[in-house]
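Q: In this note's numbering, the protein residues as written are 2 to 105.
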Amino acid sequence: MSGAAFLNICATFALGVLTISFLLVVVRVLKGPSLPDRILALDMLVAVAIGFIAVLGLRSGVTLYVDVAIALGLVGFLATVAFARFVMSGGVDAIKEEAEEDRP
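#1: Check whether the segment 68-76 and the segment 42-53 are in contact - that is, three or more C-beta pairs closer than 8 angstroms.
#2: Examine the Cβ distances between the segment 8-16 and the segment 37-47 and report whether three or more of them are shorter than 8 angstroms.
#3: With distances taken from CA atoms, which of M89, K32, R60 and L65 is nearest G4?
#4: Check each candidate in L36, A15 and Y66 and name the one with the smallest Cα separation from A85.
#5: Could you check the C-alpha separation between V27 and G33 for me, to the nearest Å?
#6: Would you mind reading off the limits of the alpha helix (DSSP H) that contains P1?
Below, the structure written as structure tokens:
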């Protein structure tokens, strides 16, 4: 077995594992049960997407995918920090209370 064939088999296996993990994470995003669980699942979704991009870049040989994966990682980190601040400030309940206070 040549090195290219082995790499192709490993990339196919990795894509299969990433697909299964993607489906499991989507179930966690939809099912919950709480807002922090969903935020953590969204962060994991970004990590799985980075994995997909890395495997596709490895399989195709295009190095631009690495830059896209790095940018997605940065955006995912910032989104997680923003969601965490949202939860720490009281989440949806705090927004509802502010809206009720603004009404006459």
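Note that the Cβ used here is the ideal one computed from N, Cα and C, for glycine as well.
A: On the basis of the data shown:
#1: yes
#2: no
#3: R60
#4: L36
#5: 10 angstroms
#6: Lying before the first or after the last residue shown, residue 1 is absent from the chain, which here runs from 2 to 105.
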